[in-house]
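One structure below.
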Amino acid sequence: MSAIAASLATQEYKYGFTTDIESDVAPRGLTEDTIRLISEKKGEPEFMLEFRLKAFRQWLKMVEPTWPNVTYPAIDYQDIIYYSAPKPKKKLNSLDEVDPELLDTFAKLGIPLNEQKMLANVAVDAIFDSVSVATTYREKLLEHGVIFCSFSEAVKDHPELIKKYLGTVVPVGDNYFAALNSAVFSDGSFVYIPKGVKSPMDLSSYFRINNSESGQFERTLIICEEGASVSYLEGCTAPKFDKNQLHAAVVELIALDNAEIKYSTVQNWYAGDEEGRGGIYNFVTKRGKCQGKNSKISWTQVETGSAITWKYPSCVLIGDNSVGEFYSVALTNHRQQADTGTKMIHVGKNTKSTIVSKGISAGKSNNSYRGLVKVMPGAENARSYTQCDSMLIGQDCGANTFPYIEVSNNSSKIEHEATTSKISEEQIFYFMQRGIPQEDAISMIINGFCKEVIRELPMEFAVEAQRLLGLKLENSVG
Amino acid sequence: MKAELSKSKNPYAETFAEFAEARAGETPSWLAGKRAAGFAEFEKLGFPTVRDEEWKYTNVARVAEQVFTAADLAGLDLALAGKSIPFYAESEGARLVFLNGVFVPELSDTSKLNGGIEVSRLSDAITSNGDLVARHLGSLAKVEGRAFTAFNDAFLTDGAFIRVKRGQAIEQSVNLFFVTGPQSDHRSTFPRTLVVAEEASIATVVENFIELCDERGRFGNRTYLTDAVAEFIVEPGANLSHYKVQHEGAKAFHIADTHVSLNRTSVFTSLSIALGGQVSRHQVSVAFGGEGGECRLAGLYLTADAQVADTHISIDHAVPRCESEVTFRGVLDGKSRGVFDGKVLVRKDAQLTNSVTSNKNLLLSNDARVDTKPQLEIFADDVKCGHGATVGQLENDEIFYLLSRGLTPEQARTLLTYGFAREITDGIKVASIKSHLDDVIGARMAKRNTKAQGHDGTKG
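Protein sequences appear in the order of chains A and B. Sequential numbering of the first sequence, starting at 26, is according to our numbering. Sequential numbering of the second sequence, starting at 3, is according to our numbering.
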């Protein structure tokens, strides 16, 4: 029908290798004993075990959600390994003691953990299967009072903070996958920024799934005290397996008065092959609570991986004048499915939210935006703006928009706009007659389409994201 | 609790058995079968609850918790009724009047129409146009999963039948009046409309759902249920205009299903006005069956007090090169609630589709509430689709501007509200509807201004 026909060449997933490392693995399946075992292995205090068991008991009563616009074979939750950690697991004093095999793995992924080589000004918490293997720049951060460590260490060293904040944004029974995570989560990152401190560097965590049979359930908790601010980055990859792996994470953000949290994600889990074999099921609950006045939480995500993405980073705007932002690019190709979006719950007065979502579907993929903007009666003068644009490349993909807008007072202003379009032949022609090859033209058009989101990313991530978008779509038009 | 009860044992089971028995042998056999199938589905489904995603924002528990009996004409003064039907006198062209669900020949008049169009009651058409009715009735309005459509099918007795003949352009509009009058408390009516616009024909159909006023022009205060179903078959090249005016009583329940099938290069234009009812819902389903079809749906819901007005649109672009445009505006006052759900589905082969949906809401009171959900599901790449939704109040700047020109705050607000609604009302080509609507907006604003002096939602 047109010069722009869809034919997709195999794009190698360059992070698809596995690391041969001896692991300490819990037996398959999930019972109360599994949870006790995880808790024991991690040497957790009693309150954590109680938290887990409470979540597990709730989970047993819940049913898996069927409302997302995705299809997948039923998951056998008894056929998953809920704990997998690289051996040996003695307490590490410095990076020198980290298994060189692991350091190599992360170096190969472009995340050098060696302090001389690593990216200046970004502290990294590297998480391999279920455990955090290394956290860089810890001492330097501590000088400023910033606590940045693995979740397990935080449970041991700062139980009062964990007790106070864990589960306050995403309650244990919030949804099926959050309950599962609360029961079995293994590790994750913990960030605490004290009053008035602006984190001297960007913090980041890098997640790697290695074991083909294990699920990854990590938990991230970020607390910003009054007037504090932090920019947090998250990246993820996984090896290529023909089996699907479950990744059910929970991220909780808490911003007190005048605090600001910026959370950026470049998600590049293994997406499965062209026929949709293998890939990660990315069922993630991310939510931020703008507890204090004038606080701000901003989510930026570039979602290019995973066989299935089910993810709605949300903001609960409780403090007066608080601000929630959501910038998202979701790209699906081959047989990927994405049902992603956000929820903005306006509770406080003069709260503002901005949603910019860009969906690109190619191949035989299906990409849905699902969002909720809810204005409670007390949220006087709330303001919300939503823009969601979709682009379709090829005739076999789908793009859907399901926005929910619920407004309960008359001083608020809510706007929502959505469009769907394609790359037109005129646009391509315009580039080509100026000597720019078609591939580059498409890449430029896509980058232009996503610009409003990409520019919200920190610089290193923005470069990575643009490169990823280009790679993922290579040969998809032409 | 009561709703639960009605699910286990349908309170209409006995009524239906009696109803079916009374009509045994009286109608063509397919009609009896259709009613039975409708009731079976209704019995299976029960009334929807808010747990049902499609009914998430509209609670019909109050319909489910009472048992409505069929309305009739007993004790009605027909001559008086004729005089007090709102904008009956102004209606030009042809009229069919159904009072409490019963056809009233004395008030109906089809004499002004020429031979290009057939307008009759459905029960007559079953005899005179048997095959046509059998082929089309229920062909679009499927009962599966739709409790109110099934309910209508079960108690289907009469309605309006319109057939616009091939190549005929009918200038006069056809006005259908579904009027509920006295003695209708806890009664129900099941209006049914079937319109077939044959190839290259042009016509206008107006559906009025109104509660009868008393001699002083006041509405009654009756709790009744109108469960209406309308089907429009628009054949190739035909151009059909449709108006729906819902001005039921303040305590009425109004659930209406409108189904449209569009063929090659045919055009369907519809304008829907919702003014009355404690709970009202209008569901429009449009299916494109031929290339080059065009569909324009517009509407205005004007609510106050504790009213709920729900609009559900579903447009199925199954074929290439069709256009759809959906424009709905809401003005909400008091503790009322507006619901809008607009779904556009573009199927895999429906390339070169153009579709725009827009829903704007004006909240006049701080207790009013809007839930809007415009949806797009797109499976073709060469399409242009968009939707927009807004919720807001009158701009203080605009009010200030008018105040600076010497208007009172009340006048300013009334003027701006008129302006907001005009985007829809300007599209009304039937003078009587337009003037009625202007009167209603004026009266509502006047009532509001006297009631809430300085106690309104706007600040400044």
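We put the beta carbon where it would ideally sit given N, CA and C, even for glycine. Note that the coordinates shown come from a computational prediction; the quantities given were computed from them, not determined experimentally.
Quick one: what does DSSP say residue i is sitting in, helix, strand or coil?
{"i": "A:His183", "result": "coil"}
{"i": "A:Ile105", "result": "coil"}
{"i": "B:Leu142", "result": "coil"}
{"i": "B:His319", "result": "strand"}
{"i": "B:Thr392", "result": "strand"}
{"i": "B:Ala39", "result": "helix"}
{"i": "A:Ile453", "result": "helix"}
{"i": "A:Thr91", "result": "coil"}
{"i": "B:Arg25", "result": "coil"}
{"i": "A:Pro428", "result": "strand"}
{"i": "A:Cys261", "result": "strand"}
{"i": "A:Arg163", "result": "helix"}
{"i": "B:Phe211", "result": "strand"}
{"i": "B:Gly117", "result": "coil"}
Evaluate residue i with the Cβ neighbour count: other Cβ atoms within 10 Å of its Cβ, from every protein chain shown; 16 or more gives buried, anything less gives exposed.
{"i": "A:Trp84", "result": "buried"}
{"i": "A:Tyr455", "result": "exposed"}
{"i": "A:Val171", "result": "buried"}
{"i": "B:Asn398", "result": "exposed"}
{"i": "A:His441", "result": "buried"}
{"i": "B:Gln68", "result": "exposed"}
{"i": "A:Met484", "result": "exposed"}
{"i": "A:Glu451", "result": "exposed"}
{"i": "A:Trp324", "result": "buried"}
{"i": "B:Arg224", "result": "buried"}
{"i": "B:Gly421", "result": "exposed"}
{"i": "A:Val341", "result": "buried"}
{"i": "B:Arg97", "result": "buried"}
{"i": "A:Thr193", "result": "exposed"}
{"i": "A:Gln103", "result": "exposed"}
{"i": "B:Val310", "result": "buried"}
{"i": "B:Ala448", "result": "exposed"}
Alpha carbon to alpha carbon, how far is residue j from residue i? Give it in angstroms, no decimals.
{"i": "A:Ala443", "j": "A:Thr426", "result": "8 Å"}
{"i": "A:Ser211", "j": "A:Gln241", "result": "8 Å"}
{"i": "A:Glu69", "j": "A:Lys181", "result": "7 Å"}
{"i": "B:Asn451", "j": "B:Glu412", "result": "6 Å"}
{"i": "B:Leu404", "j": "B:Gln395", "result": "16 Å"}
{"i": "A:Glu251", "j": "A:Leu281", "result": "5 Å"}
{"i": "B:Arg407", "j": "B:Ala414", "result": "10 Å"}
{"i": "A:Ile29", "j": "A:Ala466", "result": "Low confidence applies to A:Ile29: its pLDDT is 35, below 50, so where it sits in the model is not reliable, and the reading given next is rough at best. If I take the Cα positions, the gap works out to 12 Å."}
{"i": "A:Gly503", "j": "B:Ile380", "result": "Residue placement at A:Gly503 cannot be trusted, given a pLDDT of 43 that sits under 50; the coordinates are not used to answer."}
{"i": "B:Ala63", "j": "B:Phe49", "result": "8 Å"}
{"i": "A:Glu285", "j": "A:Pro196", "result": "22 Å"}
{"i": "B:Lys337", "j": "B:Ser243", "result": "33 Å"}
{"i": "B:His389", "j": "B:Pro376", "result": "7 Å"}
{"i": "B:Ser437", "j": "B:Pro193", "result": "25 Å"}
{"i": "B:Arg266", "j": "B:Val358", "result": "20 Å"}
Give me the Cβ distance between residue i and residue j, rounded to the nearest whole Å; I'm assuming they're in contact under 8 Å.
{"i": "A:Met457", "j": "A:Gln463", "result": "6 Å"}
{"i": "B:Ser175", "j": "B:Thr206", "result": "4 Å"}
{"i": "A:Leu417", "j": "A:Thr445", "result": "7 Å"}
{"i": "B:His284", "j": "B:Ser268", "result": "Going by Cβ atoms, the distance from B:His284 to B:Ser268 rounds to 22 Å, so no, they are not a contact pair."}
{"i": "A:Ser393", "j": "A:Asp364", "result": "5 Å"}
{"i": "B:Arg331", "j": "B:Ala423", "result": "6 Å"}
{"i": "A:Ala332", "j": "A:Gly297", "result": "4 Å"}
{"i": "A:Thr245", "j": "A:Ser230", "result": "7 Å"}
{"i": "B:Tyr59", "j": "B:Val341", "result": "4 Å"}
{"i": "B:Val104", "j": "B:Leu75", "result": "5 Å"}
May I ask whether a heavy atom of the ligand NAP can be found less than 7 Å away from the beta carbon of residue i?
{"i": "B:Arg194", "result": "Here there are no bound small molecules, and the ligand NAP is not part of this structure."}
Under 8 Å, CB to CB, which of the residues in the segment 411 to 433 of chain A have a partner in chain B? Ser415, Leu417, Ile418, Gly419, Gln420, Asp421, Cys422, Gly423, Ala424, Asn425, Thr426, Phe427, Pro428, Tyr429, Ile430, Glu431, Val432, Ser433
Between the segment 283 to 303 of chain A and chain B, which residues of the former have CB atoms less than 7 Å from a CB of the latter, in chain order? none
Beta carbons nearer than 8 Å to chain B: which residues of the segment 436 to 451 of chain A have them? Ser436, Ser437, Lys438, Ile439, Glu440, His441, Glu442, Ala443, Thr444, Thr445, Ser446, Lys447
Using a beta-carbon distance cut-off of less than 9 Å, what residues from the segment 412 to 438 of chain B approach chain A? none
Return the residues of the segment 370 to 385 of chain B that lie within a Cβ-Cβ distance of less than 9 Å from chain A, sorted by chain order. Ala370, Arg371, Val372, Asp373, Thr374, Lys375, Pro376, Gln377, Leu378, Glu379, Ile380, Phe381, Ala382, Asp383, Asp384, Val385
Relative to chain A, which residues along the segment 385 to 397 of chain B have a C-beta separation below 7 Å, given in chain order? Val385, Lys386, Cys387, Gly388, His389, Gly390, Ala391, Thr392, Val393, Gly394, Gln395
Positions along the segment 357 to 369 of chain B whose CB lies within less than 8 Å of some CB in chain A: Asn363, Leu365, Leu366, Ser367, Asn368, Asp369
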